[in-house]
Structures are given as C-alpha cells and as structure tokens.
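Peer 1: Have a look at this one.
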Amino acid sequence: MNRKYRKTLIAGNWKMNKTPSETKEFMTAFKGMLPKGRWCDIALCVPAVCIPAAVRVMRETRVGIGAENCNANPSGAYTGEIATNMLVDAGCKYVIIGHSERRAMGETDADVNAKVHAALNAGLIPIMCCGESLEQRELGVTNEWIAMQIKAGLTGVPEEKIRKVVIAYEPIWAIGTGKTATPEQAEEVCESIRTVIRKLYGSKNARATTILYGGSMNDKNAYELLAQPDIDGGLIGGASLVPEKFLTIIEAANQPTL
Ligand code: PEP
7 MNRKYRKTLI AGNWKMNKTP SETKEFMTAF KGMLPKGRWC DIALCVPAVC
57 IPAAVRVMRE TRVGIGAENC NANPSGAYTG EIATNMLVDA GCKYVIIGHS
107 ERRAMGETDA DVNAKVHAAL NAGLIPIMCC GESLEQRELG VTNEWIAMQI
157 KAGLTGVPEE KIRKVVIAYE PIWAIGTGKT ATPEQAEEVC ESIRTVIRKL
207 YGSKNARATT ILYGGSMNDK NAYELLAQPD IDGGLIGGAS LVPEKFLTII
257 EAANQPTL
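Shown next as structure tokens:
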C-alpha cells in the first residue's frame, strides 16, 4: 500500500450468500464493531436483493455498499438484469465488474468494457477484475494475459475518469480455494498492472490508481499481502461473510506504510 498517493480499499464480495434478513444482522453487528476515526475505505458488495437492507443499516457510516454485477444498457428488455442507475438509486457506490465467476458464465472483455463505461457514466466506482488461470500461470503468460484484460476493459475510458476505476487482480486458481498467491507473486502482477496503467494514462494516474488483490485473502494472510507496495487493498470473498474476520483484514489495511 502507499496511502500517500492512492486510496486503500477493503471490499467484500458476498457472491450468492446471505438473505436480506441475514444481511441486516451482519450489517448491524459489523456497524457496532467499526473503528472510529480515519480508516481505509470499506465496501461490501452484496446480492442485489440485499442492497436495500445493507444501505439502510450502513447509512452515515464510511462503509460503501456495492453490487456484484450490472447491465451495460440504460433500460429495456433485459429480463432479470439490473441497470447502473437502478443501483445508484438504491444507494450503491461500487459495482464489481468482470469477476472470473461471471466471466466463466460467458462475460467477455467487450461486456466488461461496456459495463465499466456504464458504471462510470452513472457515477459508480467500478471494481474491474482480472486474473489468470493456473494453466496460464504455468505457461508463463500471466502478465501478458492480465495486460490484455486491462487494456480491453479500459478501452475508451478517458484520462479524467481513470482514477475512479479500481482494479482487482484475482488469480482464478486462488479464488475460493484457500490457495493464496504469495505476497511476492501478488505484488509482481499488481506492479505490472500499474505499469500497464502508466503506459496508457501516464505516471501520475498510475501512481493514483487503487489496485486490489483478491483470492483467499483472510484474517491470517492479509497483513503480509497488504504490506506490498503495489497492493492497495483486497477483494475478499469468504472472509467478508464473518464480521470479525473482515474487521481483522481492515485492521491489517491500516498498518503503517511508506
Ligand atoms: C472473490 O470472490 O472475489 C474472492 C476473492 O473470493 P475468496 O476470498 O473466497 O477467495
């Protein structure tokens, strides 16, 4: 992390877990534990039906609520989909875009790019995910693959909007598997993502971009991962479902930095 130049963000991704009633219970407990004072940014991205309960409890706290997906179209005949202006109206601040679990359901880089534009236009902060498979890592093409995903996802995003985008590096082999990338492996890719941003948007913007690591980050390994200079926070699945564990990760994000 480097708090001098960019924001630190700890974001939870609940995936398809918790009902609205369980959301209210979690948020109430978590709100009671939140430290006072100046801490890192905190987001909880929850299932769409849980957004109202989450927003209600977290109103006037520093926790931003987010969605786990959006549709790129403003409105229309897209049964079951949710537009970005609906998320904003429901009180969302963030939206996860291009999670590998959604890419596995058929989401393409072009879809990711369209959703990033829709989120930015609506005033949401997109948390744009990228990550390699185990096969790609073993083939030694990780950095090339990630660079391609970043360039495709950010196509057409103008310089004045890049600082609103959060990037999450999530190696697919580390998500939900308990297999975390080592701090060195995670740092190497996050640093190379910053280099891609530098080439696209210049060094000031690269320095100001928040890049998260995600993939089995938990209360035990967060401190070491977050101590890396180019890892500016985490996108956390399993460990964000338990208030105490999520809080420990937030505490790890408030360690002294450079
Ligand atoms: C995720 O869903 O983005 C994730 C990183 O999950 P987990 O922390 O459970 O590996």
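Counting from 1, position 144 in the sequence shown corresponds to residue 150 in my numbering; the numbering is continuous, with no gaps. In this text, a Cβ means the ideal position worked out from N, Cα and C, and glycines have one as well.
#1: Quick one: grab the DSSP three-state call for Tyr229.
#2: Quick check: is any heavy atom of the ligand PEP less than 7 Å from the C-beta of Asn23?
#3: Since Asn119 and Thr161 should fall inside the 8 Å C-beta cutoff, what is the C-beta to C-beta distance between them, to a whole number of angstroms?
#4: Taking C-beta to C-beta, are Ile57 and Cys98 nearer than 8 Å?
#5: Comparing alpha-carbon positions, which option in Asp238, Ala233, Glu230 and Ile181 lies nearest Arg213?
#6: Write down the C-beta distance between Ile217 and Cys196 rounded to the nearest angstrom, noting that I regard them as a contact closer than 8 Å.
#7: What I want to know is whether the C-beta of Ile181 ends up closer than 7 Å to one or more non-hydrogen atoms of the ligand PEP.
#8: Considering only the alpha carbon of each residue, which of Ile102, Glu190 and Lys170 lies closest to Val52?
#9: Answer yes or no: the CB of Met1 versus the heavy atoms of the ligand PEP, is any distance below 7 Å?
#10: Give me the Cα-Cα distance between Ile173 and Phe252, rounded to the nearest whole angstrom.
Peer 2: In short:
#1: helix
#2: No; taking the cut-off as 7 Å, the Cβ of Asn23 has no heavy atom of the ligand PEP nearer than that.
#3: 5 Å
#4: In this structure, Cys98 lies closer than 8 Å to Ile57 by Cβ.
#5: Asp238
#6: 5 Å
#7: yes
#8: Ile102
#9: Outside the shown range of the chain, which is 7 to 264, sits residue 1, and nothing can be said about it.
#10: One C-alpha to the other measures close to 20 Å.
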